Amino acid sequence: MAAVLELLGAWPGDRRVAVGLSGGVDSSLTAALLVAAGWEVEGLTLWLMSGKGSCCAEGLVDAAGICEQLGVPHHVVDSRARFQDQIVDFLVEGYGEGLTPLPCSRCNRAVKFGPMLEWAAAERGLNRLATGHYARQRPAGAAEAQALPGDGAGRHQLLRGLDPLKDQSYFLYDLPQAVLGRLVFPLGELTKEATRVEAARLGLRTAEKPESQDLCLADHHGSMRAFLDAYLPPRQGEIVLPDGTVLGSHDGIEHFTIGQRKGLGVAWSEPLHVVRLDGAMNRVVVAPRREATRQACVVGAINWVSIAPPEQTIAVEVQVRYRSLPEPALLSPLPETAADHAADRPHRARLDFAEPQFSVAPGQAAVFYCGEVLLGGGLIQAEG
Ligand SMILES: Nc1ncnc2c1ncn2[C@@H]1O[C@H](COP(=O)(O)OP(=O)(O)OP(=O)(O)O)[C@@H](O)[C@H]1O
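Position one of the sequence shown corresponds to residue 60 (the working numbering), numbered consecutively onward.
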């Protein structure tokens, strides 16, 4: 803990900071550490959803309680409309089209970090934001000289959190440089275990709160299935082999994901996996495992973080899911199309995996690393 306090104590420049408080133990300790290191802290909670539960009313109360305990101001910003528009509607639309959309990175960019920084600057004159994410940020200039497969000059770097089991850098790949340069992640240096121990030692009232699920919407609705059922009416369709042979039926493609084997409800001579979700035909396509891997994929809407957009093929390690292991791949930039050019994330690339990959799901993020440094990331595109 002494090392974190030392790091925060030596942080260059402005020591006034808004802390994003969810009411959980991670953000509580983040605020407590910054206070202990002598920073001027104000708590900021985004009200994301109506209802009870730790993500809603309960979270707001716990966040207010922590601020009271630490003797710092607390602010609540009603962001329910933005969350509904940017996350809930986006998810429902994506699942309906047969994607496996990733809400968290989008939420961090469009709902949390950008809007929190804007609010803090406009309303409180605070230009820095801290959160309880397990990731690390190295300000441009402070970045240690390190061999990266691209030009990292003048860029703020994003690094994995030191706890390999909690590292959340994957969900932060889409943050723009202007945002990254204003962030502080005190917990990136800690393990989750150390966070719990320190929160208990400091007597923080949220120290014993149970870990939330990876996805807040699943927490809120009880399960992902319950969330989807609330928004998408059941739509009966077929489960088929790639040649069109009908093996069974389903009640909505949104309940399946690429690579899934269990719960298909079809019998075949060998185990089958979901290989494609066909939104137009409302079909789930299944095949034996050997047909469920991909040697390559196209990634779009890339956000380059710790290096400038490369002009040539580079070697990276890539994660195609939050919980997947980093795998070696070659990344080759693709020419921009007119549609790419119009978008705010114009860069696309092709990934050639060293080994065939399983569970490469359109809609999920492919995030590129060089060791602990997050280089960039983008969204896996549907085939063809
Ligand atoms: N509604 C919110 N308002 C403000 N900041 C938030 C909110 N939700 C999350 N955050 C910030 O993002 C960080 C990571 O959020 P995540 O949902 O992954 O929670 P977590 O890892 O369970 O953390 P915590 O224990 O603080 O809830 C939090 O630690 C907090 O700083």
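Note that beta-carbon positions come from the ideal geometry of N, C-alpha and C, so glycine has one too. Here the structure is a predicted model, which is why all the values come from computation and not from measurement.
Length-filtered (3 minimum) beta strand (DSSP E) runs lying within the stretch 290 to 329: 296 to 299, 305 to 309
Alpha carbon of Thr-104 to alpha carbon of Glu-350, nearest angstrom: 46 Å
Less than 8 Å between the CB of Trp-178 and some heavy atom of ligand 1, yes or no? no
With distances taken Cα to Cα, identify the nearest neighbour of Phe-230 among Asp-403, Glu-117, Ala-169. Ala-169
Pick out the complete alpha helix (DSSP H) segments inside the stretch 132 to 156, 4 residues or longer, and give them in chain order. 139 to 142, 148 to 155
Uninterrupted beta strand (DSSP E) stretches inside the stretch 212 to 262 (no shorter than 3 residues): 216 to 219
Grab the span of the beta strand (DSSP E) containing Cys-429 for me, first residue to last. 424 to 429
Can you tell me whether Val-78 is buried or exposed? The criterion is at least 16 other CB atoms within 10 Å of its CB, across all chains shown. buried
How would you write the range of the alpha helix (DSSP H) that Glu-182 sits in, first residue to last? 173 to 183
Take Gly-307 and list the residues in its own chain whose beta-carbon comes closer than 7 Å to its own, dropping the five residues that flank it on each side. Ile-298, Gly-324, Val-325
Taking the alpha-carbon positions, what's the Gly-497 to Arg-241 distance? The chain is shown only over 60 to 443; residue 497 falls outside these bounds and no answer can be derived.
If we call anything under 9 Å between Cβ atoms a contact, is Val-100 one with Val-63? no
Compare the C-alpha of Ala-259 against each of Val-426, Val-84, Glu-156 and name the closest. Val-84
Could you tell me which residues DSSP puts in a beta bridge with Thr-104? Val-135
Val-358 beta carbon less than 9 Å from that of Gly-437: yes
Option in Ala-413, Ser-391, Glu-442, Ala-201 with minimal Cα separation from Ile-361: Ser-391
Is DSSP giving Val-343 helix, strand or coil here? strand
Beta-carbon contacts of Cys-115 that lie in its chain and below 8 Å, excluding the five residues immediately before and after: Trp-106, Leu-107, Met-108, Ser-109, His-279
Beta-carbon spacing of Leu-218, Ser-228 below 9 Å: yes
Helix, strand or coil at Val-76 according to DSSP, with G and I counted as helix: strand
Could you give the residue range of the alpha helix (DSSP H) that holds Pro-387? Here Pro-387 belongs to no alpha helix (DSSP H); instead the beta strand (DSSP E) covers 386 to 393.
Could you check the C-alpha separation between Asn-341 and Asn-186 for me, to the nearest Å? 47 Å
Alpha carbon to alpha carbon, how far is Ile-317 from Leu-221? Give it in angstroms, no decimals. 30 Å
Between Leu-92 and Val-76, how many whole angstroms is the CB-CB distance? I'm expecting something under 8 Å. Their Cβ separation, rounded to whole angstroms, is 11 Å, which puts Leu-92 and Val-76 out of contact at 8 Å.
Using a Cβ-Cβ cut-off of 6 Å (strictly less than) and excluding sequence neighbours within five positions of Gln-3, which residues of its own chain qualify? Nothing can be reported for residue 3, as the shown portion of the chain is limited to 60 through 443.
Kindly indicate the opening and closing residues of the beta strand (DSSP E) around Leu-438. 432 to 439
Comparing the CB of His-280 with every heavy atom of ligand 1, is any distance shorter than 8 Å? no
Measure the C-alpha to C-alpha separation of Glu-270 and Ile-125 and round it to an integer number of angstroms. 17 Å
Are the CB atoms of Pro-215 and Ala-199 nearer to each other than 9 Å? The sequence as given places His at residue 215; Pro does not occur at that position. For His-215 and Ala-199, yes; Cβs fall inside 9 Å.
Consider the C-beta atom of Ala-253 and the heavy atoms of ligand 1; say whether any pair is separated by less than 8 Å. no
Please confirm if the stretch 251 to 258 is in contact with the stretch 276 to 291, defined as three or more CB-CB distances below 8 Å between the two stretches. no
Span separating the alpha-carbon of Leu-150 from that of Gln-295: 20 Å
Residues in the same chain with beta-carbon distance under 8 Å from Glu-444, minus the five sequence neighbours each way, listed in chain order, please. There is simply no residue 444 to check, as the chain begins at 60 and stops at 443 in what is shown.
Would the beta-carbon of Arg-335 fall within 9 Å of that of Phe-417? no
Burial state of Thr-396, where buried means 16 or more other Cβ atoms lie within 10 Å: exposed
Using only the heavy atoms of ligand 1, determine whether one of them is closer than 8 Å to the beta carbon of Phe-286. no
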